[in-house]
Structures are given as structure tokens and as C-alpha cells.
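Written out below as C-alpha cells is the structure these notes cover.
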Amino acid sequence: MVFGWWKLFGAALVGILFFHGFCGAETVPNFSFMHNATTAPDISYYDYIIVGGGTAGCPLAATLSQNYSVLLLERGGAPYGNPNITNLSAFGRALSDLSPTSPSQRFISEDGVINARARVLGGGSCLNAGFYSRAATDYAREAGWDTRLVNESYQWVERLVAFQPPIQAWQSAVRAGLVQAGVVPYNGFTYDHIYGTKVGGTTFDLEGHRHTAADLLQYANPTGLTVLLHATVHKILFRTKGKSRPLAHGVVFRDASGTKHRAYLKSGPRNEIIVSSGAIGSPQLLMLSGVGPAEHLRAHNITVVVDQPLVGQGMSDNPMNAIFVPSPIPIEVSLIQVVGITHFGSYIEAASGENFAGSSATRDFGMFSPKIGQLSTVPPKQRTPEALAKAVEYMNSLEAPAFRGGFILEKVMGPISTGHLELRTRNPNDNPSVTFNYFKDPQDLERCIQGIETIEKIIESKPFSKFRYDYLSLAALLNITANSPINLLPKHANVSRSLDQFCKDTVMTIWHYHGGCQVGRVVDYQYKVLGVDALRVIDGSTFIYSPGTNPQATVMMLGRYMGKRILDERLASDGN
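Here it is, written out as C-alpha cells:
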């Protein structure tokens, strides 16, 4: 055993993966419109009410506020002003926080894969790897989007949050290895989705400070926007009396003290409630409000407003599998910067670093902590006091090189496999039950196998040779991953002999889950909820497939895009 890698991989991998779990800028923006929900009146009125201040909700609110009064309700807090989530040097402290006020909320899918959802202004853009890359032009065309407005909307986002990353030695070796492995041509730095190898954008600036969807609120009209933090929406209110279809006209939300508030739409035929609560939160809120499968809603004593059996269906999470490669030499800390876009349907990315163990003075271990790490060397079901004490003692005995290395991952595009979401309780703070059915479709599994084979070629390539130990064979590297508690699935011996079993045993999330309120099934192509009036869903829950290599650029674009579409439609209507 070399520096305990076999036992440490799970912790090291999550440490590197969650290196991007920051949300914050160096200074706190002077958002005069941002308040704690405890200051909200009991009843208020707006032209638009947006539920969810996430990756789509922030640009949407900023856009609509130019002409109308907008209320943006966010269940979490602000991403600014907390030193534990502002600076990369404090990595691990925020992500080790499993308290109710943490910016991320852990959930475990019924598949046994540990996952997280955002609970912070800026949403998932505060919890991802910062990689910024647009969707393919075919994706936009198939979605029925206007190409000109799509490009303008991407550019609007990019002016504030996207940057070109500095590529150092380890990422350069991955890039060269991808090209040598046949992922060609090399397309240089670009935001565009192009087959081959490229350097993508990042939401981290050169000082290492993250920029998020919350920063897009700088575009807002401060007199037209109200942002309420720690405002958890419990229900959308509908009028049915005298209506041919249920009409959304308000929401009920509670502040951090539990006090109930109501916000209503002002009188006007085009005013709307827009749900942007993400792929978990949006279908959950529709169900809690009576829009969903009737039998399921009645089982939870929820009054059925519209029997919509497709709410919560089509849930997908792009499977991610990785190979950890211990390095004999020091390497830079890097997030996702280089990507290989293959023709067979797998995206190859990589990240590296060795400072994921927290403070060496305190030996806190940050996200490696066997006590509170999202993943650690002690599986969650085995975290007894005795086991934890033993793990801490073991980790204290390790030298710094035990945490040195990087991982190369593959993400399956699409995916084709789908699952579903169901309520567990009527409490919106509780996670619903989610099943993704990873690799249920054999094509997803085949894409994973081809992706792992490509990663093996990168590891074996000449440009990457100085970043691996000669005596650690590919089979050994595969087994390092397979023998680690990276999920709650049963393990099989010698998975290095069977890449399909390796894919199944070591599947993880890359946090690109989507679906539940899909276009053409739950919402129409204008994102209006079918069967009701004055209600839309605009976020990643509407996607059939995940856009591009990483979805955050497109989710932010969609918020701006639909905001502009709504403004233009109202302008045309008022002109008539």
C-alpha cells in the first residue's frame, strides 16, 4: 500500500470534486433589494413571483425587474460575506457543514448514490466545478430556441461570470493525453460545444474568487426587485371558482422563524408565478401545491388541483465514473478546465490537487473528515464512535503525499436512463425520494465503458507519464476506486477485469441531474405548466437531456432568455 491510497481514495476524490463547492465573491455586492424574509410583510403583491433564487431564477428575476415588480424567494441564505465560502484557502469548511443553514443539502438517491442540492442564492452555480461551456447548437435548435437571442443571452451571462482559466502542468498533461488518445482535434479555448479536446471557461476569476448566478442580480433594476432570503415556499395558491382552468395567483412561504407570509400576483392578465427551484425542488413544489399524480397526492392528503401524472417523471442524473491517479510529484490545484467531447457520447474531464485535508495545524481534515465528510474512508452506515476514532487515528498517521493526486472522470451524455421523484412528506424542507436508474439503458453503460477506456489511454500516454507511479498498473488504479466507499452500492471483487461492473459499482453523481417538469410533458414550449394558467417552470427540471458538457451556462442563459421572451411578449401585447 502506498501512503494509504487504497483507503483514502473516497475522501480524496470527494475533496477534489467538492473543491468547487464555493459560492462567493471577494466583496459583498450592495444589493439594496435583498432582505431576510423575517422583514417581509404578512401580505404583499407583485407582477411576478419567482420561487427559487438559483442558477435560472437570478438571471430571470434581474431581467423581469427592468419593467415589472418582481419578488424572488430563496430558501437559503446569501453566498456573500462568509469567509468559509469566499476563499479557496478555506476549502472544506463550508462543505463539511451539514447544518440546516449549509449552502448544500445532502440527499441519497434510492440508487444508493450520495448527492447534493443547493440551498443558497445562486443555486447550483455555488456548488459546481465552475466549468462554463455552452450547449451544442443542435441542442438549442431542438429546444425550439431563437438562435440569435440564445447567443445574446449567453453573452449577457458571460460578461459577469465567465473567464479563461490558466492551464498549468497537470491539466496540460491531461489535454495532451486526450489528443494522443484520439479525442481530436484540439480546439483551443472556447465556450462552444465542439467535438474534440478543448479548454472551457470557468466561473473562477484569476484571483480564485467564484462568480455565480447571484452576481447576475447586478443587472437588476433595484426599484423593481425584492429578494427574500430564508423564504421557504410551502404552496402555490390557485383560484378555481368561476375559472375554466385553475389560476395560480399567490404563494405561501415561511421565514426562518416559521412565520407564515403570503405573496399574491397583482391584478393583470399576464402576471405570473414562475417556479425555478431546480430539478428536485420544482416537481416537489408542484406536487405540494396539488399539481401531480392524483393517487400519489391523495396518499399524502394533498388536495388535487390538476391530475398531472408526468410531474416527477423523467428524472435523470448523468452517471460519472472516475479513476484516481496518485502523483509522485507535486501538482497544482485545478478544477475542471479541459474537456474531451467524444463522438461516442462521453465527456472526459479532470481535476487535481493536494490541499483538500483542511488545516495541517488542526488536523481537521476538512471534507476528508470521517466525522462529517460527505464521503470519507468510513461509510455512513458504519460511522460508530469507535470506527470514527480509529479512522481519525489512521489519518493522523498519514503524510501529506497521501492526499496528492488527481482524478480523470467521464460523464455519460444524455443520459437515456430515467427514473422518478416522489414525495416523502408534505414538508418542503424534506428531501423527496428520487430514483435515477443509472445504467438502466445499455447504451449509457456502453458509453461509460468507452469513456473509461479513453481515460486509461490518457493515463498510459507519454505526456501524462510523470504524474503516475510506474508500478501502479491500470488494474491497480481501477481497484483503488472500486475498493473505496464512494457510494452505498454493493461491491464486487476484481472489477478491473470487467469495465461494465466497474461502471456500475463506482457510479457517482456529477450533480447534473435534471427532469421532473419536462418540456412537452409537464410544461409547453413556452415553459407554461399544462392544465393551469399563470404558472411557468423555468430551470433544469424542464430538460430532457443535460445540455453540453456542463449545464450551468445554459441554465443561466435560459433564465435570461425566457425573461427577455416574456418582456418582448408583453411589450407586443401592450402595443396592440
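Here numbering that gives the first Met the number 0 is used: the first residue of the sequence shown is 0, the next is one more, and so on. By construction, the Cβ of each residue, glycine as well, lies at the ideal position given by its N, Cα and C atoms. Here the structure is a predicted model, which means the values were calculated and not measured.
Exposure of Tyr470 is indicated by the presence of fewer than 16 other C-beta atoms within 10 angstroms of its C-beta. By the CB criterion at 8 Å, Glu271 and Ile347 fall outside the cutoff.
By the Cβ neighbour-count rule, Gly241 is exposed, with fewer than 16 other Cβ atoms within 10 Å of its own. Every beta strand (DSSP E) stretch that sits fully inside the region 429 to 495 and reaches 3 residues is listed by chain position as 432 to 434. Per the DSSP secondary-structure output, Ile279 pairs with nothing in a beta bridge.
Residue burial annotation: Ile42 is exposed, with fewer than 16 other C-beta atoms found within 10 angstroms of its C-beta.
Residues of the same chain with a CB within less than 6 Å of the CB of Asp306, apart from the 5 flanking positions on each side, are Ala293 in chain order. With 16 or more other CB atoms across the displayed protein chains lying within 10 angstroms of its CB, Ile485 is buried.
Considered as a whole, the region 133 to 163 harbours 136 to 141, 146 to 160 as its complete alpha helix (DSSP H) runs of no fewer than 4 residues, in chain order. Of the other Cβ atoms in all chains shown, fewer than 16 fall within 10 Å of the Cβ of Asp567; this residue is therefore exposed. Sequence-distant partners of Lys456 (beyond 5 residues in either direction) whose C-beta falls short of 8 Å from its own C-beta, in its chain, are Gly176, Gln179, Ala180, Gly181. Of Pro28, Leu227, Gln283, Glu421, the smallest CA-CA separation from Pro40 is found for Leu227. Annotation note: the region 276 to 345 contains the following uninterrupted beta strand (DSSP E) runs of length 3 or greater, listed N- to C-terminal: 312 to 314, 318 to 325, 337 to 340. In the structure shown, the three-state DSSP call for Ala533 is coil.
Your pair Val411 and Gly344 checks out as a contact, with CB atoms roughly 7 Å apart and the cut at 8 Å.
With 16 or more other Cβ atoms inside 10 Å of its own Cβ, Arg559 counts as buried.
Secondary structure of Thr541 (DSSP, three-state): helix. Tyr185 sits close to Thr196, with the two beta carbons spaced by under 8 Å.
DSSP places Lys242 outside both helix and strand once states are collapsed to three, so it counts as coil. By the criterion of a C-beta distance shorter than 6 Å, Gly200 is surrounded in its chain by Tyr131, Ala161, Tyr190, once the five residues flanking it on both sides are discounted. Between the region 251 to 266 and the region 540 to 553, the count of Cβ pairs shorter than 8 Å is below three; the stretches do not touch. With distances taken between CA atoms, Glu141 lies nearest to Val518 out of Val518, Gly562, Ser103. A distance of 8 Å or more separates the beta carbons of Asp429 and Ala247. Between the region 312 to 326 and the region 431 to 449 there are three or more inter-stretch CB-CB distances shorter than 8 Å, so the stretches are counted as touching.
By the criterion of at least three beta-carbon pairs nearer than 8 Å, the region 56 to 72 is in contact with the region 218 to 225.
With the rule of 3 Cβ pairs closer than 8 Å, the region 536 to 545 counts as touching the region 273 to 290. Remark: three or more beta-carbon pairs, one from each stretch, lie closer than 8 Å, so the region 487 to 506 and the region 319 to 336 are flagged as touching.
Going by C-alpha positions, Leu487 is about 14 Å away from Arg105. In the structure shown, the three-state DSSP call for Leu97 is coil. For the pair Phe32 and Gly52, the Cα-to-Cα distance works out to about 13 Å. One alpha carbon belongs to Pro102, the other to Pro78, and they sit about 8 Å apart.
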